[in-house]
Amino acid sequence: MRPRIIFGRFLIRLGRFIQSLALMVMRPNDLVEFSRQTYATSRMVEGCGRQALAYPVLHPDEQTLLERLHLTRGRLLLLGVGGGREAIPLTQMGFEVTGVDFVPEMVEKARENAVRHGVKIEGITQEISKIDVPAGSYDVVWLSAAMYSCVPARGRRVEMLQRIGKALKPGGYFICQFRWDTEAGASRIWELARKIVAFLTLGNLWYEKGDTLSYNIEFIHAFSQEDEVKSEFAEGGFEVIHMHISEEILIGGAMLRKPLSKAPLSK
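Sequential numbering from 1 applies to the sequence shown in our numbering.
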């Protein structure tokens, strides 16, 4: 290969690495706000709204999880409601849906789209990992589109699980999807360099292998081992009823249950 081509490819890789360092100078709260600012733009709000209005359907992998639930009634808390793509069909099936989003314009757009499809949903403006609703209020909590992976840091995800458990009735269900990628993460040298940048800037000291700024618009943590996911679920207080991985679309899905008793879960 020609030397100039080799040098050119090196600069491309170097540029990507430098760009990836944006992840390392931001702490978990910053990463959440970074994603919120992306989705709060009028372009994103209108885009999500148009998509949900035109195609208010569950994706096949979401439908598969719903079928395992064996429920079509009850109170359902939908985290990350966006324009209402999932909320509308779930309401049409018979659920009483309350949608949550950290962008108030998204909540309003979802309500408007629901009305145009002849149904009604409630809406709350909150950040999903800090969800705060009355205890024991819901039969189901729903978090699809791999949004479980949009929460930075294991500790923050476990806290979210505990908050979700509080929101559920005993025996209630949590349906979620997460990003899956067995090749996630950079080489050991790049990983070390990233951690050094985080240390020097007192930035993302919570960095985990698999963390990335997807398309430079939002935080995503890709899981690569089933035990990693299951241990988080257990630490958050849930029983894993079903879990599957789709290597084709790089998404995993799970149906979790809040125990009927308060006995500690075995790991």
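Glycine included, each C-beta is placed from N, C-alpha and C at the ideal position.
Residue from R85, M26 and F223 whose Cα sits closest to the Cα of I251: Out of R85, M26 and F223, F223 has the C-alpha closest to the C-alpha of I251.
DSSP three-state label for P3, please. In the structure shown, P3 adopts helical secondary structure according to DSSP, grouped into three states.
How many angstroms separate the CA atom of F34 from the CA atom of E247? Taking the straight line from one Cα to the other gives about 28 angstroms.
Suppose you measure from the CA of S266 to the CA of A234; what does that come to, to the nearest Å? Bear in mind that a pLDDT of 46 at S266, under 50, signals an unreliable position, so the model cannot answer this.
DSSP three-state assignment for I223, whether helix, strand or coil: Checking the displayed sequence, the identity of residue 223 turns out to be Phe instead of Ile. When secondary structure is reduced to three states using DSSP, F223 falls in the strand class.
Who pairs with T98 in a beta bridge, going by DSSP? In the DSSP output, where bridge partners are listed per residue, T98 has L77 and E122.
Rounded to whole angstroms, what's the CA-CA distance from L168 to P134? Just pull it up for me. The alpha-carbon atoms of L168 and P134 are separated by roughly 9 angstroms.
Paired residues, beta bridge with C176 - DSSP: Its beta-bridge partners are L143 and A254.
Would you kindly work out how many angstroms separate the C-alpha atoms of E105 and Y148, rounded to a whole number? About 21 angstroms.
With distance defined between alpha-carbon atoms, name the residue in G172, A87, V25 and C48 nearest to K258. K258 has its Cα closest to that of G172, out of G172, A87, V25 and C48.
For the pair the region 14-23 and the region 196-215, tell me if three or more CB-CB distances fall below 8 angstroms. The region 14-23 is in contact with the region 196-215.
Touching by the beta-carbon criterion (3+ pairs, under 8 angstroms), the region 142-156 and the region 187-197: The region 142-156 makes no contact with the region 187-197, as fewer than three CB pairs between them are under 8 angstroms.
For L31, which residues in the same chain have their Cβ closer than 7 angstroms to its Cβ, ignoring the five residues on either side in sequence? Take L31, set aside five residues on each side of it, and the residues of its chain with a beta-carbon closer than 7 angstroms to its own are P152 and F219, in chain order.
Rounded to the nearest angstrom, what separates R156 and S231 at their Cα positions? If I take the Cα positions, the gap works out to 14 angstroms.
Given this structure, state the Cα-to-Cα distance separating L53 from L90, to the nearest angstrom. Approximately 14 angstroms, taken between the alpha carbons.
Please state whether DSSP places Y138 in a helix, a strand or coil. The three-state reading of DSSP puts Y138 in strand, counting E and B together.
Output needed for R85: all residues of its chain with C-beta closer than 6 angstroms, excluding positions within five of it in sequence on either side, in chain order. The answer, listed in chain order, is A52 and P56.
Please tell me whether L65 and M243 are closer than 7 angstroms, where the distance is taken between their beta carbons. Here L65 is not near M243, since their CB atoms are 7 angstroms or more apart.
For T182, which option in V97, T38 and D227 has the closest C-alpha, if you only look at C-alpha atoms? Checked all of V97, T38 and D227; the closest Cα to T182 is D227.
Apart from the five residues on each side of it in sequence, which residues of its chain come closer than 6 angstroms, Cβ to Cβ, to Y39? So the list reads V103, once near-sequence residues are dropped.
Quick one: residues in its chain with C-beta nearer than 8 angstroms to the C-beta of I249, no 5 flanking neighbours on either side, listed in chain order? Listed in chain order, the non-local C-beta contacts of I249 below 8 angstroms within the same chain comprise D61, local neighbours out to five positions each way being set aside.
Expressed to the nearest angstrom, what Euclidean distance is found between the alpha-carbon atoms of K209 and I245? Rounded to whole angstroms, the gap between the alpha carbons of K209 and I245 is 19 angstroms.
Keeping to the same chain, check which residues put their C-beta closer than 6 angstroms to that of E122; ignore five residues upstream and five downstream. Result list for E122: T98, in chain order.
Which stretch, first to last residue, makes up the alpha helix (DSSP H) that contains I189? First-last of the alpha helix (DSSP H) with I189: R188 to L200.
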